[in-house]
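Here the numbering used here is used: position 42 in the sequence shown is 44, and no number is missing along the way.
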Amino acid sequence: MRKLAILAIGLALAACGDKQPTESDFKAALNRGFEESGPVCVPLNKSFPLTLNQMEQEHGIGRALLALEGAGLFASAPDGKGRRFKVTDQGQKFYIEREGKSIGLTVQKVKHGFICFADMRVEKVTRWNAQPDQSFAVSYTYRLEGIAPWATAPSVIRAMPKLSLWINGAQKAERKTIVKKTTNGLEAVPDKAL
C-alpha cells in the first residue's frame, strides 16, 4: 500500500513538472512586448503634409493639429482656401507613419500618421487564466514612463481625447492581452489601442 502511495505522489509531481508562470513571469513578458512594439502613440489617421479646409480645421483632426502646432510639433501656412500642416523638426521626434488601408470603392494601401508620447510598462498583473490552447489571458494595469512634456498640456489634452484616456487611465485602467508559451518562454504583444 505504501508503494502505491509513493507512486501516486511521484506521478502527481511529474504531472506538475511543467513550471506554472508567476506574476513576475507575466510582467516580464508583457514589458518585453511593450519594448518590442515601441512607444504608445495616438493615431492621426492622416499622412503629412496635409491640407485641411476651414471646416476640417475646426473639428476632429484639425483641433488636434492646432493644439499640436501650439506645442511646436506641427507648423501650418495658408494654402488656397485651407491650411497646410507639416511636421516640424521637433515633431519628428514624436511622429511615425505606419502602413494602413483606406476602404472605399476599392481598398488601397495608405500611410497613417501617429504621434507618440510615452513608454508603457506593467504596473501590476491583476489576474491570469489558462486558455485551452496553452496560452493565458492576462489582465494588468499599466504606468507611463517618459511622458512627452507637450502631452500633458491642457490644450492638447482637450483636443485629443484618446491621449487623455491613456494618461488618465495610467495605474487605474485594467487592460487584457494573451500571453503564449513558446520554446523561448512566455511571449506577449500587448495591444496599445484604445
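Where a beta carbon is used, it is the ideal one built from N, C-alpha and C, also for glycine.
Own chain partners of residue i with C-beta closer than 6 Å, once the 5 adjacent residues on each side are dropped
{"i": "K113", "result": "S49 and E99"}
{"i": "A14", "result": "Residue placement at A14 is poorly supported in this model, since its pLDDT is 40, which falls under 50; the coordinates still yield a value, given next. The answer is none, since no qualifying residue turns up."}
{"i": "N47", "result": "H114"}
{"i": "L70", "result": "F76"}
Exposure label - residue i; buried when at least 16 CB within 10 Å
{"i": "G93", "result": "buried"}
{"i": "A16", "result": "Only weak support exists for where A16 lies, its pLDDT of 42 falling under 50; the coordinates are left without a value."}
{"i": "L107", "result": "exposed"}
{"i": "V89", "result": "buried"}
{"i": "V158", "result": "buried"}
{"i": "A132", "result": "exposed"}
{"i": "H61", "result": "exposed"}
{"i": "A79", "result": "exposed"}
{"i": "G187", "result": "exposed"}
Minimum C-alpha distance to residue i - residue among the options
{"i": "A175", "options": "G148, S166 and F138", "result": "S166"}
{"i": "S26", "options": "D135, R129, V191 and P151", "result": "R129"}
{"i": "I180", "options": "Y97, K126, Q136 and I159", "result": "Q136"}
{"i": "F87", "options": "A77, E58 and K95", "result": "A77"}
{"i": "F138", "options": "E37, E101, E38 and E189", "result": "E189"}
{"i": "P134", "options": "Q110, K182 and D91", "result": "K182"}
{"i": "F116", "options": "E125, Q110 and I63", "result": "I63"}
Rounded distance between the beta-carbons of residue j and residue i, thought under 8 Å
{"i": "F28", "j": "V140", "result": "5 Å"}
{"i": "N55", "j": "G74", "result": "That pair is no contact at about 24 Å."}
{"i": "R177", "j": "N33", "result": "Not quite, the Cβ-Cβ distance comes to about 13 Å (not below 8 Å), so this is no contact."}
{"i": "F120", "j": "G148", "result": "Per the sequence presented here, residue 120 reads as Ala, with Phe not at that position. Correct: roughly 6 Å between the Cβ atoms."}
{"i": "A66", "j": "M162", "result": "5 Å"}
{"i": "T184", "j": "I169", "result": "About 33 Å separates the two Cβ atoms, so there is no contact after all."}
{"i": "Q59", "j": "L68", "result": "7 Å"}
{"i": "E101", "j": "K111", "result": "6 Å"}
Strand pairing of residue i, partner residues [DSSP]
{"i": "V127", "result": "Y142"}
{"i": "N55", "result": "G84"}
{"i": "K183", "result": "L188"}
{"i": "P45", "result": "F116"}
{"i": "M122", "result": "L146"}
{"i": "F76", "result": "V89"}
{"i": "S26", "result": "None, per the DSSP bridge assignment."}
{"i": "I98", "result": "F116"}
Close Cβ partners of residue i (< 7 Å) along its chain, the five nearest in sequence each way excluded
{"i": "C118", "result": "P41, V42, C43, F96 and I98"}
{"i": "A172", "result": "Y144, R145 and L146"}
{"i": "G19", "result": "Caution is warranted here: a pLDDT of 46 is assigned to G19, below 50, making its placement in the model unreliable, and the coordinate value is therefore given only provisionally. Result list for G19: empty, nothing under 7 Å."}
{"i": "V127", "result": "E25, F28, K29, V140 and Y142"}
{"i": "P45", "result": "H114 and F116"}
Spatial neighbours of residue i in its chain, beta-carbon cut-off 8 Å, leaving aside the 5 residues before and after
{"i": "G12", "result": "Caution applies to G12, whose pLDDT of 40 falls short of 50 and renders its modelled position unreliable; the model cannot decide the point."}
{"i": "E38", "result": "V191"}
{"i": "K21", "result": "none"}
Min CB distance residue i to chain D below 8 Å
{"i": "T128", "result": "Looking at the structure shown, chain D is missing, and only one protein chain is on hand."}
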